[in-house]
Every structure is written in structure tokens, then in C-alpha cells.
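Residue 1 is where the sequence shown starts when you use the numbering used here, and the numbers rise one by one after that. The next block holds one structure in the form of C-alpha cells; read it before the comments.
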Amino acid sequence: MTATAVAAVLALVVALLRLRIHKREATRLRDARKHLLDRADKLRRELTIATGERDAAVELLDEANARIAKYDEGLRWRNELRQAAVERASYLMDKPHPKRTRRQRQDDIDRAAFESAWNARFEAPAFIPPHEQGDHQ
């Protein structure tokens with residue numbers, strides 16, 4: 001009987017030790033799961049913030065592209081005006097009035113140059129770059 005009792009007590013001790021080991025393992029796994037869930041939440045928050053920053057950057061890039069397009073349009077118009085002035089001057093040089101003297105033709109050229117310079121002084125540019133505008137945000 002004593003051997004049976006000792007065996008029963010030993011079996012009970014082994015069962016308690018196994019139970020304690022399994023309990024400790026379950027606690028460790030529960031803590032690891034909680035840590036992983038916290039990490040996943042943190043990564044989700046960071047992803048939300050990064051998405052907002054990306055959207056803001058895309059919006060800024062679109063605004064910059066629109067500004068550049070306006071500036072390019074202004075440059076294109078200015079180049080076209082310059083080209084028209086050059087063509088007008090060359091037209092006066094190439095095809096003078098048949099009954100005009102050389103002096104009169106030169107006066108026509110000088111007058112055309114003065115008019116284009118005078119008009120250019122008062123023409124508003126098609127686009128004023130932001131760094132040249134008076135009021136800033």
C-alpha cells in the first residue's frame with residue numbers, strides 16, 4: 001500500500017509540475033500574442049499616418065505641376081510675342097514700300113522698334129512667378 005501511495009503521490013506531483021509548465025507556457029504565449037497585437041495596432045496607425053502624408057505630398061506635387069504649367073504657358077506666350085516682333089521688324093526690312101527712301105525705311109524700322117519697346121513696357125506678363133509676387137501667404 002505504501003508503494004501505491006508513493007506512486008500516487010509521485011504521479012500527482014508530476015501532474016502538478018506538468019500543469020504548472022503548461023500554465024507558464026500558456027502565459028508566455030498569451031503575452032507574446034498581446035505583444036504582436038499591440039505591434040500590429042502600432043503599425044496600422046503608422047500606415048494611416050504615412051498614407052495621409054503621401055496624399056498631402058501628391059497634392060503638393062499636383063499644385064507644383066499646375067504652377068509649372070502656368071509658368072510654361074507664360075513663357076510660351078512671351079516667346080510668341082518676341083517672335084512676332086522679330087517677324088514684324090524683318091518684314092519691314094525685307095519688303096519696304098517701293099517709293100520710300102532708305103532714310104524713310106530706316107525711320108520705319110526705328111519707329112517699329114520704339115513701338116514694340118514702348119508696348120513691352122506696359123504689357124503685363126502672362127504669369128508672374130510666386131517669388132516675384134508682392135504678397136506672400
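Think of the CB as a built atom: it goes at the ideal place given N, C-alpha and C, for glycine as much as any other residue.
The count of Cβ pairs closer than 8 Å, one atom from the stretch 103–114 and one from the stretch 58–67, stays below three, leaving the stretches out of contact.
As the crow flies, the alpha-carbon of Val13 is around 10 Å from that of Arg20. In the three-state DSSP reduction, Arg100 falls in the coil class, being neither helix nor strand. Assignment of Glu123 by DSSP, reduced to helix, strand and coil, places it in the coil class.
Contact between Arg88 and Ala112 holds: CB atoms are separated by about 6 Å, below the 8 Å threshold.
The beta carbon of Lys34 sits closer than 7 Å to none of the beta carbons in its chain outside the five residues before and after it.
Between the alpha carbons of Glu53 and Asp41 lies a gap of roughly 19 Å.
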